[in-house]
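Contents: one structure, followed by commentary.
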Amino acid sequence: MGHTHKEYKNNEKSAIFFEWLIFFVGIIIRIIIYYYGRWQDKNFNVKFTDVDYYVFSDAAKYVLMNKSPYERYTYRYTPLLAYIMIPNFFVHFSFGKILFSFIDILVTILINQIIKIKYTNCKNYIFYTCLWFLNPLVIIISLRGNADVIPCFLIIFLFAICSSSVFLILNCVFYIIYGYEFLYESFIYHIIRRDHRHNFSLFFYLMYLSIEKNSKIIPLITFVPQIILVALFGFKYARTNLELSMFLQTISFIALNKVCTSQYFIWCIPFLPIILCAITLSKRNMFLVIIYFLSSSY
21 MGHTHKEYKN
31 NEKSAIFFEW
41 LIFFVGIIIR
51 IIIYYYGRWQ
61 DKNFNVKFTD
71 VDYYVFSDAA
81 KYVLMNKSPY
91 ERYTYRYTPL
101 LAYIMIPNFF
111 VHFSFGKILF
121 SFIDILVTIL
131 INQIIKIKYT
141 NCKNYIFYTC
151 LWFLNPLVII
161 ISLRGNADVI
171 PCFLIIFLFA
181 ICSSSVFLIL
191 NCVFYIIYGY
201 EFLYESFIYH
211 IIRRDHRHNF
221 SLFFYLMYLS
231 IEKNSKIIPL
241 ITFVPQIILV
251 ALFGFKYART
261 NLELSMFLQT
271 ISFIALNKVC
281 TSQYFIWCIP
291 FLPIILCAIT
301 LSKRNMFLVI
311 IYFLSSSY
């Protein structure tokens, strides 16, 4: 009995050491990519920094001038994002990138803690957590200046605390400040949006052919299969397996959205480590997970 207890303690110490080792490696990788991105921005015509990062920063500049962030053309996000980017002008222009990378690390911690609490017997939890933490797509998207890790963090955080009050309060606050402009740019625009330039979308060619017709019906019709699948997965799995339900809803939302870019694919990744702990993977399926993990860097 004493020998078994001692062996358990040694295994626990080894797991903790390995966790910290992975954490250290992940931080080093992020630092290297951050400085590489700065070097590429200075030396190449094709910039490492995403164009959206400049849009966020410009919107923050309008906020500093006591103007609406929506005066920046193509800014169609929550005003909160513009507020978050204000330190770009007081601390460093890369403040937002570092913040996004920090948030993606917080997502890792949340995933790790949820797995440990919910699936205490999961032996591969470190590997599953690495599907987010060491995922090249996640790391690069954050350090290019895309804010997609923020909704990932909020979703996992809300999953952990089971509350949506923060979302409702923030929307009410920004509606009071910016009125209908906030509702249109943040929500309504995405319902009627027609964008033929994002060719990851299943509806890319349909949008491309109909862009000159200025049809208001097609953008609405393309929402139908998306809404149906999201609703079905919610009714089917939410009560028995909430994380699986949210994963499938996110996957179907991305797959059937009329606009789809590379950063959209990270939205479903935070759920992947959690749901994998609930199932037993064959060697073949484990191999496919690894192939997906490696191919995402492309």
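To convert, count from 1 in the sequence shown and add 20; that's our numbering. Note that the Cβ used here is the ideal one computed from N, Cα and C, for glycine as well.
query, result
"Which class does CYS150 belong to by DSSP, given the choice of helix, strand or coil?", "helix"
"Excluding the five sequence neighbours on either side, which residues of its own chain have a C-beta within less than 6 Å of the C-beta of SER77, listed in chain order?", "MET105 and ASN108"
"Just curious, the alpha helix (DSSP H) that PRO293 is in, first and last residue?", "292-296"
"Return the CA-CA distance between TYR90 and ALA79, expressed in angstroms with no decimal places.", "7 Å"
"Given a threshold of 16 other Cβ atoms within 10 Å of its Cβ, counted over all protein chains shown, does MET266 qualify as buried or as exposed?", "buried"
"Out of curiosity, what's the CA-to-CA distance linking ILE47 and LEU226?", "42 Å"
"Among SER272, LEU276 and GLY165, which one has its Cα closest to the Cα of LEU101?", "GLY165"
"Near TYR284, which residues of its chain fall below 6 Å by C-beta distance, leaving aside the five closest residues on each side in sequence?", "ILE274"
"With a cut-off of 8 Å on the beta carbons, I'd call THR149 and ILE160 a contact; round off their distance for me.", "The pair is not a contact, with the Cβ atoms about 18 Å apart (cut-off 8 Å)."
"Can you look up SER34 in the DSSP assignment and give me helix, strand or coil?", "helix"
"Here's the rule: buried if 16 or more other CB atoms are within 10 angstroms of the residue's CB, otherwise exposed. What is ASN155?", "buried"
"Buried or exposed: LYS87, going by 16 or more other Cβ atoms within 10 Å of its Cβ?", "exposed"
"Taking its Cβ as the centre, do 16 or more other Cβ atoms sit within 10 Å of ASN305, making it buried, or is it exposed?", "exposed"
"Secondary structure at ALA251, three-state DSSP: helix, strand or coil?", "helix"
"Is it the case that the Cβ atoms of CYS142 and CYS288 are separated by a distance below 8 Å?", "no"
"Do you know whose CA, among TRP40, ILE42 and ASP70, lies nearest TYR54's CA?", "ASP70"
"Please state whether the Cβ-Cβ distance between LEU249 and SER221 is less than 8 Å.", "no"
"Given a cut-off of 8 Å on the beta-carbon distance, is the pair ARG96 and TYR200 in contact?", "no"
"Taking the straight line between their C-alpha atoms, what separation do you get for LYS278 and THR94?", "17 Å"
"According to DSSP, is ILE299 helix, strand or coil?", "coil"
"Whole angstroms are fine: how far does the CA of ILE170 sit from the CA of THR270?", "15 Å"
"Would you give the residue range spanned by the alpha helix (DSSP H) that VAL158 belongs to?", "156-163"
"For PHE173, which residues of its own chain have a beta-carbon under 7 Å away from its beta-carbon, when the five flanking residues on both sides are left out?", "ILE123, LEU126 and VAL127"
"Please report how far the alpha carbon of LEU268 lies from the alpha carbon of ASN261, in whole angstroms.", "11 Å"
"Out of curiosity, what's the CA-to-CA distance linking PHE120 and ALA167?", "6 Å"
"Might you give, ordered along the chain, the residues of its own chain that have their beta carbon closer than 6 Å to the beta carbon of SER162, omitting 5 neighbours on each side?", "PHE120, SER121, ASP124 and VAL169"
"For the segment 238-287, which segments carrying the alpha helix (DSSP H) assignment without a break, of at least 4 residues, lie completely within its bounds, in sequence order?", "243-257 and 262-275"
"On a CA-only basis, which of PHE43, PHE291, LYS33 and VAL309 is nearest ILE175? Give me that one, please.", "PHE291"
"Do PRO293 and ILE131 have their C-beta atoms closer together than 8 Å?", "yes"
"Would THR98 pass as a contact of PHE194 if the rule is Cβ separation under 8 Å?", "yes"
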